[in-house]
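Position 49 of the sequence shown, counted from 1, bears residue number 97 in my numbering, the numbering being contiguous throughout.
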Amino acid sequence: MDKKVKEIRDKKELFDRLMVAGKTSEVNQEIAMYIEKNYNSIVFMTADKISSEIGVSQGSVSRFCIKMGYYGYNDFLRYLQKIISSEMTILKRHSIIDKEGDNDRNLNILNQEINNLKELQGLSQSKEYQSVVHLLVKTNKVFLMSNRMSATLLPYMYYILSRLRTNVFELAYGTPAWENIELEAPEECLIFTTVFPRYSRSLLEKMKKLREKGFNIVAITDSRLSPIVNYSQFSLISPITISSVFDVYSTPLTLINLLMRDVSRNIPNIDHRLNKLEKINENEHSFWI
């Protein structure tokens, strides 16, 4: 099955696929109608939960998702959440989650995270991933830039990358450093950004300006349909889970860790630098033990 044909671009395409799959049997029609009316809530539900709500078997739900072009229910959820994430406000999420049992909501999040993490193996072996590693090693200056909740990933990356190499900068939105980044020489810089729903308009506008000025931009985002793809030289696609009050970022965080691992492998004389850092820690008694 070709994954490229499975991405749902918008709700119209979702409803079209539901209608086509729903015509294949009476059971599938019931499932299609339920999903159409409750698509916002479904990303918070396990396959067992949705099957009991409709009154069909769990296998019927899985087979219906396969009819739509997916590997199964969890695979369908991963693509469904990409098109509804922009309309899932915190208040709406909370109202849905509040009606669920603890076991249902926990299983759904954990199942999705397990499936998300499995995608990283293929990504870490891609040419695009290797190109990003090369840029993080070779570019003179690396600027980490993001906004709103997407920016919460960058302090972790900055902490590690700044220990592996020099000239790493984390720019906070609204600061003079953020505003003045255009004064840097684009050919010497790499802009690294994280962009997840609900996509920050101010961040995207900034990335558009930087791209127009010739800056190289690398992004970690959730979908090939993400607006940052239009402005980035390389986009690493990392799925996230939205079936909680706030998005779950464990998969992109793991991706960043993999990047830092491979960056360290490609920096000449990295052992010497890390040894110097360790001696600083020892001299300053940085750790309790």
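All C-beta atoms, glycine included, are put in the ideal place defined by N, C-alpha and C. Treat the numbers as computed from the prediction; the structure is a model and nothing was measured.
Query, Result
"Just mark ILE304 as buried or exposed, buried being the case when its beta carbon has 16 or more other beta carbons within 10 Å.", "buried"
"Quick check on GLU218: buried or exposed, where buried means 16 or more other Cβ atoms within 10 Å of its Cβ?", "buried"
"Please report the straight-line C-alpha distance between LEU238 and ILE208, rounded to a whole angstrom.", "17 Å"
"I need the boundaries of the alpha helix (DSSP H) containing LYS15, first residue and last residue.", "With the chain running from 49 to 337 in the structure shown, residue 15 is simply not present."
"My assumption, with CB atoms under 8 Å, is that SER248 sits in contact with ALA267. Please give the rounded CB distance.", "The pair is not a contact, with the Cβ atoms about 12 Å apart (cut-off 8 Å)."
"Give, in chain order, every unbroken run of the beta strand (DSSP E) that is at least 3 residues long and sits entirely within the region 298 to 325.", "none"
"Which residue wins for smallest C-alpha separation from LYS60, given the options GLU84, SER274, SER73 and ASN76?", "GLU84"
"Just to confirm, does PHE63 get its C-beta within under 7 Å of one of the non-hydrogen atoms of the ligand GDP?", "For the ligand GDP, the structure offers nothing, since it holds no ligand at all."
"Could you check the C-alpha separation between ILE144 and TYR87 for me, to the nearest Å?", "Here the model assigns ILE144 a pLDDT of 46, short of 50, so the residue's position is not dependable, and the following value carries that caveat. If I take the Cα positions, the gap works out to 12 Å."
"Quick check on the DSSP output: the alpha helix (DSSP H) that includes ILE208 runs from which residue to which?", "202 to 212"
"Could you name the residues of the same chain whose beta carbon sits closer than 6 Å to that of THR242, not counting the 5 residues immediately before and after it, in chain order?", "SER194, SER198, LEU201 and ILE268"
"DSSP state of ILE144, grouped into three classes?", "Because ILE144 sits at a pLDDT of 46, beneath the cut-off of 50, its placement in the model cannot be relied upon, and the following sentence gives the value as read from the coordinates. Helix."
"Take ARG259 and list the residues in its own chain whose beta-carbon comes closer than 8 Å to its own, dropping the five residues that flank it on each side.", "ILE265, TYR279 and SER280"
"Indicate whether ARG272 and ILE285 have their beta-carbon atoms separated by less than 8 Å.", "yes"
"Using a beta-carbon distance below 8 Å, is LEU202 in contact with chain D?", "Annotation note: the requested chain D is absent from the structure, which comprises a single protein chain."
"Buried or exposed: SER334, going by 16 or more other Cβ atoms within 10 Å of its Cβ?", "exposed"
"At what residues does the beta strand (DSSP E) containing MET284 begin and finish?", "One detail in the question is off: residue 284 reads as Leu in this sequence, not Met. First-last of the beta strand (DSSP E) with LEU284: 282 to 285."
"Whose CA, out of PRO203, ILE337, SER105 and ILE90, lies closest to the CA of ASN76?", "SER105"
"Tell me whether ILE337 is buried or exposed, calling it buried when 16 or more other Cβ atoms sit within 10 Å of its Cβ.", "exposed"
"So if DSSP puts ASN264 in a beta bridge, which residue, or which two residues, is it bridged to?", "LEU238"
"Quick check on DSSP: helix, strand or coil for LEU273?", "coil"
"Rounding to the nearest angstrom, what Cα-Cα distance links GLY120 and THR302 in this structure?", "24 Å"
"Which residue or residues does DSSP assign as beta-bridge partners of THR289?", "VAL296"
"In the DSSP assignment, find the beta strand (DSSP E) that holds GLU218 and state where it starts and stops.", "216 to 219"
"Below 8 Å CB to CB, which residues in the same chain sit around VAL180 once its five sequence neighbours on both sides are set aside?", "VAL266, PHE282, LEU284 and LEU307"
"Kindly list the residues whose CB is nearer than 6 Å to the CB of ASP319, restricted to its own chain and excluding five residues on each side of it in sequence; keep chain order.", "none"
"Does the Cβ of THR72 have 16 or more other Cβ atoms within 10 Å, making it buried, or fewer, making it exposed?", "exposed"
"For GLN339, count the other beta carbons within 10 Å of its own beta carbon; 16 or more makes it buried, fewer makes it exposed. Which is it?", "The question about residue 339 has no answer, for the chain in this structure spans 49 to 337."
"Suppose you measure from the CA of LEU251 to the CA of LEU184; what does that come to, to the nearest Å?", "21 Å"
"Answer yes or no: do VAL338 and PHE240 have a C-beta to C-beta separation smaller than 8 Å?", "Here the chain covers residues 49 to 337 and nothing more, so residue 338 does not appear."
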